[in-house]
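Down below is the structure, laid out as structure tokens.
In the working numbering, the protein residues as written are 2 to 306.
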């Protein structure tokens, strides 16, 4: 199922950690202070622990500042918050830098990675924190689900103030990007507290979860609101639907779910809502993220003309 594929994608690469400090040398011959075989460090990044006082859990957030940050001390920057940081943060950081090699294509932004609760595996942390309701008994889920509202409150009350107190972040230019369950979390926030972020990137969103519970959340919002002030960009792989090859999805039509959500949102005719999507050819749930990240950055954070 899509969740299992997402777990494999996002957890197998989860042991990388970023830090601004180099590991201490253990060999006098190491010269510059880096022993042979030392762990790789993603230079120019920071790791902060941001506790959740409600749950008692400690979460890590990763931070990467743009190259212009020190040279332009009066400037405030948009902030891109991305879920599943252990996987997504280093990829997004490198994509943003490479795309701008020949000149500004993307706007400079602060990148913040939202990692998992300390002491937990990625699968357990994201299954609980990124889903809006518990699993039904007949689903026989091995992991706890349904903590999305509590995690959303943690982001609002702890993470966003933490970042905006320490860095020159523009609170009116927050972007949330999530893939799979992370995209589901983004949709949950969109339909319950849309102004928390300016823009939402919903990548391969798991709209299937809980018998498409997210569609009920969207309908609840529509019944009591006449506007949805947000920019939404969705991406998905063309293989994320039923088909005859091993790369096709075996259980859920995620392409159809995304297209249906886009159609419903456009039908609401909210004056302040922008919705765009793309289906990326020759991509499946495991391969689509890097290409989707690139398309999303170009759509949501383009450089000024």
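Think of the CB as a built atom: it goes at the ideal place given N, C-alpha and C, for glycine as much as any other residue.
Remember, predicted model here, so these are calculated numbers, not experimental data.
Look at residue 121 here: in three-state DSSP terms it is coil, with no helix or strand label.
Partner residues in the beta bridge of residue 204, as assigned by DSSP, are 180 and 236. Considered as a whole, the stretch 83-149 harbours 86-100 and 123-130 as its complete alpha helix (DSSP H) runs of no fewer than 4 residues, in chain order. Boundaries of the beta strand (DSSP E) around residue 60: 59-65. Per DSSP, reduced to three states, the secondary structure at residue 199 is coil, with no helix or strand assignment. Between the beta-carbon of residue 154 and that of residue 129 there is about 14 Å, and that puts the pair past the 8 Å contact cut. With 16 or more other Cβ atoms from the protein chains shown falling within 10 Å of its own Cβ, residue 132 counts as buried.
Residue 37 counts as exposed, since fewer than 16 other C-beta atoms from the protein chains shown sit within 10 angstroms of its C-beta. Looking from the CA of residue 122, the closest CA among 86, 215 and 168 belongs to 86. If you check the CB distance, residue 205 and residue 232 do not come in under 8 Å. Between the alpha carbons of residue 286 and residue 142 lies a gap of roughly 20 Å. The stretch 108-122 and the stretch 159-169 touch, with no fewer than 3 CB-CB distances between them shorter than 8 Å. In this chain, residue 280 is not harboured by any alpha helix (DSSP H); it is covered by the beta strand (DSSP E) spanning 274-281. Nearest to residue 77 by C-alpha distance, out of 245, 44 and 171, is 171. In this structure residue 62 is in contact with residue 51, their Cβ atoms being roughly 5 Å apart against a cut-off of 8 Å.
Rounded to whole angstroms, the gap between the alpha carbons of residue 274 and residue 298 is 18 Å. Put simply, the stretch 93-109 does not touch the stretch 191-201. Fewer than three CB pairs are less than 8 Å apart. With fewer than 16 other Cβ atoms from the protein chains shown falling within 10 Å of its own Cβ, residue 55 counts as exposed. In this structure, DSSP gives residue 172 an extended state, which the three-state scheme calls strand.
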